[in-house]
Amino acid sequence: MSEAYARSFEASISDREGFWMQAAQAVDWVQSPSCAYDPAGADGRGWFPGATLNTAHNCIDRHVEAGRGATQALIYDSPVTDTVQTWTYAQLQAEVGRVAAMLARLNVARGDRVIIYMPMIPQTVFAMLACARLGAVHSVVFGGFAPLELAKRIDDATPRIVLTASCGIEGARTIAYKPMVDEALALAQHQPDHVVLFQRERLSGELTAPRDIDWMALHGQCAADPVPPAAEMAADDPLYILYTSGTTGTPKGVVRENGGHAVALTWSMANIYGIGQGDVFWAASDVGWVVGHSYIVYAPLLVGATTVLFEGKPVGTPDAGTFWRVMSRHGVKAFFTAPTAIRAVRKEDPDAHFLRQIGTGECRVIFLAGERADPDTIAWAEGMTGLPVIDHWWQTELGWPGVATCYALGDTRRRRGSAGFPVPGYEFAILGDDGKPLGREASGFVAVREPLPPGAFRTLWNNKAGWEKNFAAFPGWYETGDAGFIDADGFIHIMGRTDDIINVAGHRLSTGQMEQIVAAQDGIAECAVIGADDAIKGMVPIAFVVPRAGAENDPTTAKRVIAAVRAELGAVAALKTAHVVQALPKTRSGKILRNLLRKIANGEAWTVPPTIDDPSLPAAIAAVMAQDAAHMPG
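First residue of the sequence shown? That's 1 in UniProt numbering, and the numbers climb one at a time after it.
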């Protein structure tokens, strides 16, 4: 290991106070912190108690004030609209100030919530930063999420305003957003004061209610309004709420605090990714996910870098050379994407013809996260690009990497199939069922010792009990919900979820939530949804449904359950396969043997468990799957 990494990690564990107080010096505070962590105190304020700051000021204003207003801040590259636009820090300051004035005119103030249901366009970034400037709490909902899911988030966050756009562009598809917002509001109990609609050229939306406001009309009306001052926020005031799937079907609103978030992300850019002032960083994610929050919007701007906002797909917009083209065009120094994206590029261009033609420009390193990167994908990417390809692991709850190869600290150790080593600030262990740490190579629960480092969640919105549940199984430890092991050389291997949350192309989805939807359909007696391996998406859900008596011969069953999941969760759920079976394999106590179903679906070797109630069922289910596969088109 590098001396810099070893020194940094040791300091973060043995002198947590000194380590994070030093890291905090990179942030511009209104009231500087007097200590790093308050474990209890009067109210257990956590990281940087008593300190105040404004995140948007740190992302924009301080760079302009330092004379860097002409430096490029944001690049919008949209192959789906054939558009490339750029904003300097001074121009970004003006745009964010105008949107902040728009929100202020609509009475949005510190502590109010704003739902942002928008695609990958610059206005989405402006809106997030404008909320941060005002001290309003934004909650970005992935554009295109089904109306019912949006309604749940509206009811939980109770926003004063909903910001949306007329449409999103997903490859060759154009998705109308405004009708989905209208439907969500018809389903929701809470009603916002206003819906502000940004019209896109591809498809316009209708202003259908008195509360609907045209974005650009409001933008023009606020041209002469003063820019609201940056609100002075306590370090533990919420910056945003980001919803992630829960095992019960109820969304979990992860709350990110201003102070720890700014410190952790600033530290990570310098010490993991090697990005600083003037460097170009590109995270090919979506702002609806945690990667987009942390590494498209906030982290690059916190350090004065240039961030790329990409509206497109790894293939098909227009081809499998899009990544390399954008990377080379803008001088990207470090690139961050999901293994799913690399698999898609490889599938379309296995011999890397586009890569050979275009090259990788000034890029020095590629980072992967979102789901486990299989060794073969990493080998292909490294072999074809000639760059180090670093898999690393984190979660919405953590907000920034927990396991990585800290490239910028000179650590070059990598092992394909592993996410690397603990990032400074994180103390990991693999725990057994009894909560005791296991030895090397032993598989168990991946856990992080309390307190979680700055930037990680300290609560869930309106759900303290749900937050405490993450720490209940193993007192003193945060249970990540993942299973894994630490090998003989200290590499951490994250192998998959321990619950029913599966990763589909980097999106965490609940199979339990899908089961609830499937089970509610007419003619369904019982069902199970499992995550099966997929060469492109990492995992995909597959449903097994048992029809009720009298519905055994209904030819629409499979299509109906697939359509029902899509209608409630949206296309992101990716449920495309449903097998109608006579019964589900269970233990004699009634527990469904999902692991057995997973093995059958993956084509792995399986044996009849001794606890099974009906030993004939596994073979019968395998036969149904084979028959269904034979009848699938193509």
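Glycine residues also receive a C-beta, built at the ideal position from the N, C-alpha and C atoms. Small disclaimer: the values here were computed from a predicted structure and weren't measured.
Spatial neighbours of residue 471 in its own chain (CB-CB distance under 8 Å, excluding positions within 5 residues in sequence) are listed in chain order as 450, 477, 478 and 479.
Note on geometry: alpha-carbon atoms of residue 482 and residue 493 lie some 10 Å from one another. Selection 63, 429, 135 and 619 evaluated against residue 233 yields 135 as nearest (Cα-Cα). In this structure, the beta-carbon distance from residue 83 to residue 72 does not fall below 8 Å.
Residue 513 is classed as buried because its beta carbon has at least 16 other beta carbons within 10 Å across all chains shown. For residue 86, the three-state secondary structure derived from DSSP is strand. Per DSSP, reduced to three states, the secondary structure at residue 516 is helical. Bridge partners of residue 301 according to DSSP: none are assigned. A residue is called buried once 16 or more other Cβ atoms fall within 10 Å of its Cβ, and residue 357, having fewer, is exposed. Checking the DSSP bridge columns, you'll see residue 241 partnered with 255. Of the candidates 206, 266, 418 and 410, 418 places its Cα closest to the Cα of residue 377.
Of all C-beta pairs linking the region 516 to 533 to the region 550 to 567, three or more are shorter than 8 Å, placing the two stretches in contact. When the beta-carbon positions are compared, residue 140 and residue 218 stay at least 8 Å from each other.
Of all C-beta pairs linking the region 156 to 165 to the region 190 to 201, three or more are shorter than 8 Å, placing the two stretches in contact. If you compare the alpha carbons of 413, 175, 420 and 180 with that of residue 401, the shortest gap goes to 420.
Scanning the UniProt domain "AMP-binding enzyme C-terminal" (514 to 591) from its first residue to its last, the whole beta strand (DSSP E) runs of 3-plus residues come out as 524 to 534, 538 to 547 and 577 to 580. Looking only at 359, 19 and 343, the smallest Cα-Cα distance to residue 379 is reached by 343.
Non-local beta-carbon contacts of residue 316 in its own chain, meaning distances under 6 Å to residues more than five positions away in sequence, involve 171 in chain order. Taking 8 Å as the upper bound for CB-CB distance, residue 311 and residue 340 are not in contact here, some 17 Å apart.
Each of 149, 90 and 94 was checked against the Cα of residue 569, and the nearest Cα belongs to 149. Leaving aside the five residues that flank residue 147 on each side, the residues in its chain whose CB is nearer than 7 Å to its CB run, in chain order, 180, 183, 184 and 187. In the structure shown, residue 177 adopts coil according to DSSP, grouped into three states. Minimum Cα-Cα distance from residue 446 among the listed residues 407, 292 and 395 corresponds to 395. By the CB criterion at 8 Å, residue 296 and residue 335 fall outside the cutoff. Burial check for residue 489: the Cβ neighbour count within 10 Å stays below 16, so the residue is exposed. Per the coordinates, the alpha-carbon of residue 92 lies some 11 Å from the alpha-carbon of residue 130.
For residue 170, the enclosing beta strand (DSSP E) starts and ends at 167 to 170. The way I'd put it, the region 272 to 290 doesn't touch the region 455 to 466; fewer than three beta-carbon pairs between them come closer than 8 Å.
Of 325, 576, 539 and 580, the smallest CA-CA separation from residue 553 is found for 580.
With a cutoff of 8 Å on beta-carbon distance, residue 598 and residue 530 are scored as near each other. By the C-beta criterion, the region 99 to 116 is judged to be in contact with the region 151 to 162, since at least 3 inter-stretch pairs fall below 8 Å. Judged by their CB atoms, residue 435 and residue 474 are nearer to each other than the 8 Å cut-off.
DSSP lists 138 and 161 as the bridge partner or partners of residue 114. Between the alpha carbons of residue 360 and residue 327 lies a distance of about 6 Å.
Between residue 324 and residue 281, the CB-CB gap reaches or exceeds 8 Å. For residue 330, the uninterrupted alpha helix (DSSP H) segment begins and ends at 322 to 330.
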